[in-house]
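Notes follow the structure.
Numbering (my numbering), first residue to last: 181 to 424.
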């Protein structure tokens, strides 16, 4: 069964609530580096489209489809040409299809999968570095790595025109109507995590305004404390000198 647009199949009330509330997602608030460093999630590359962006809560594992070139090659399939695609042949052409996807929804899913690599990796500097460090072509479990995957996850330009320009924020109902449920769950899981320790605080840039404010307060507070300490030392030296 292929997923439909804007549908929720969550069994847990927490996940359903996350799906209902999720409207906007940004690369700053949801990216691979944050999911790994802050939430301790692992990534597993798979050869099947179905589990893409699915979270296994038992193992804290996020599944990622590793062949975006396949998706991109089939996004042009529409109208009569949709019959030429193996994936589109599984779609329903019945108006009363129930929960079965139509050909245009299959195309939409493929587009969302390609775009999701930009969201998780390509538009965030730390996530681009994260991919290069952990998922370079030599590390991926395949002898024929997908060059498009590398470009989507590590480049800032020269990408397929069908993707359109990168956005600072994505509206789930418009940009990810099919993957909305899985993105909403990931976003909810990450938003509930609070950084522990100074290093985690430094890496946590989900809210950049709050990040700059926090470190500005820490910096100026530390400077004020240092100056107060220095003044106390100088006063002590002067007092000592006056009694000599």
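Beta carbons are placed, not taken as given, at the ideal position from N, Cα and C, and that holds for glycine. Remember, predicted model here, so these are calculated numbers, not experimental data.
Exposed unless 16 or more other CB atoms sit within 10 angstroms - verdict on residue i
{"i": "residue 153", "result": "Outside the shown range of the chain (181 to 424) lies residue 153, about which nothing can therefore be said."}
{"i": "residue 361", "result": "buried"}
{"i": "residue 200", "result": "exposed"}
{"i": "residue 282", "result": "buried"}
{"i": "residue 408", "result": "exposed"}
{"i": "residue 293", "result": "buried"}
{"i": "residue 395", "result": "Low local confidence applies: a pLDDT of 49 at residue 395 is under 50, so the model's placement there is unreliable, with the coordinate-based value given in what follows. Exposed, by the Cβ-count rule."}
{"i": "residue 301", "result": "buried"}
Beta carbon proximity, residue i to chain C, threshold 8 Å
{"i": "residue 341", "result": "Given the protein chain composition of this structure (a single chain), no chain C is represented."}
Whole-Å CB distance - residue i paired with residue j, under 8 Å assumed
{"i": "residue 224", "j": "residue 250", "result": "Between residue 250 and residue 224 the Cβ distance is about 18 Å, and since that is not below 8 Å, they are no contact."}
{"i": "residue 307", "j": "residue 212", "result": "4 Å"}
{"i": "residue 215", "j": "residue 359", "result": "Incorrect: roughly 15 Å between the Cβ atoms, too far for contact."}
{"i": "residue 198", "j": "residue 368", "result": "4 Å"}
{"i": "residue 304", "j": "residue 208", "result": "7 Å"}
{"i": "residue 186", "j": "residue 353", "result": "6 Å"}
{"i": "residue 329", "j": "residue 246", "result": "6 Å"}
{"i": "residue 248", "j": "residue 326", "result": "6 Å"}
Alpha-carbon to alpha-carbon, residue j and residue i
{"i": "residue 268", "j": "residue 399", "result": "56 Å"}
{"i": "residue 410", "j": "residue 416", "result": "10 Å"}
{"i": "residue 372", "j": "residue 366", "result": "10 Å"}
{"i": "residue 337", "j": "residue 291", "result": "18 Å"}
{"i": "residue 220", "j": "residue 241", "result": "9 Å"}
{"i": "residue 210", "j": "residue 299", "result": "7 Å"}
{"i": "residue 413", "j": "residue 217", "result": "41 Å"}
{"i": "residue 404", "j": "residue 418", "result": "21 Å"}
{"i": "residue 351", "j": "residue 231", "result": "22 Å"}
{"i": "residue 357", "j": "residue 288", "result": "8 Å"}
{"i": "residue 363", "j": "residue 188", "result": "12 Å"}
{"i": "residue 286", "j": "residue 236", "result": "24 Å"}
{"i": "residue 309", "j": "residue 233", "result": "20 Å"}
{"i": "residue 284", "j": "residue 228", "result": "20 Å"}
{"i": "residue 406", "j": "residue 204", "result": "42 Å"}
{"i": "residue 222", "j": "residue 255", "result": "29 Å"}
{"i": "residue 341", "j": "residue 206", "result": "21 Å"}
{"i": "residue 226", "j": "residue 402", "result": "48 Å"}
query: If you pair each beta-carbon of the stretch 337-356 with each one of the stretch 304-317, do three or more pairs fall below 8 Å?
result: no
- request: For the stretch 330-337 and the stretch 193-201, state whether three or more C-beta atom pairs, one from each stretch, are separated by less than 8 Å.
  value: no
- request: Any chance you could list the beta strand (DSSP E) runs of at least 3 consecutive residues sitting entirely within the stretch 185-271, in chain order?
  value: 222-226 and 241-245
query: Which residue spans inside the stretch 277-345 form an unbroken alpha helix (DSSP H) run of at least 4?
result: 283-297, 305-314 and 327-334
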